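In the working numbering, the protein residues as written are 940 to 1036.
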């Protein structure tokens, strides 16, 4: 990730998703199935589903976040087409915690 100085603005399509992720992890200890849009290196946008937790030091301070991102761009496009105009499919929501 060379050249990244602001993860929220340079990596996330909606920068507020980064803050929401951090809040959810702080509150619940982890997230599972959090969907958001990210920028790829080439600038294109993909949908991902995240499962993540915080790794803490011996004093409980967050050192970093560890997790897995799954590319769900194709199923998300299909779902959005099926639900066109319903308003029920918003970026940055958590299906399962």
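Positions of the beta carbon are idealized from the N, C-alpha and C atoms, including for glycine.
All values derive from a computational prediction rather than experimental measurement.
Cα-Cα separation between residue i and residue j, rounded to whole angstroms
i: residue 984; j: residue 966; result: 28 angstroms
i: residue 973; j: residue 990; result: 7 angstroms
i: residue 1022; j: residue 943; result: 34 angstroms
i: residue 971; j: residue 964; result: 10 angstroms
i: residue 948; j: residue 997; result: 30 angstroms
i: residue 1014; j: residue 979; result: 18 angstroms
i: residue 951; j: residue 988; result: 13 angstroms
i: residue 981; j: residue 999; result: 37 angstroms
i: residue 940; j: residue 977; result: At residue 940 the pLDDT is 46, less than 50, meaning the model places this residue with poor confidence and gives no usable figure here.
Environment of residue i [buried if 16+ CB atoms lie within 10 Å]
i: residue 1003; result: exposed
i: residue 1036; result: The predicted position of residue 1036 is uncertain, since its pLDDT is 43 and thus under 50; a value taken from the coordinates is nonetheless stated next. When all chains shown are included, residue 1036 counts as exposed.
Inter-residue CB distance, residue i and residue j (contact presumed, cutoff 8 angstroms)
i: residue 1005; j: residue 994; result: 5 angstroms
i: residue 956; j: residue 975; result: 4 angstroms
Best match in the options for proximity to residue i [C-alpha to C-alpha]
i: residue 1001; options: 977, 1017 and 969; result: 969
i: residue 986; options: 943, 946 and 1017; result: 1017
i: residue 1007; options: 950, 981 and 992; result: 992
| query | Which runs of the beta strand (DSSP E), 3 residues or longer, sit entirely within the region 953 to 1021? | reply | Listed in chain order, they are 969 to 978, 984 to 995 and 1001 to 1010.
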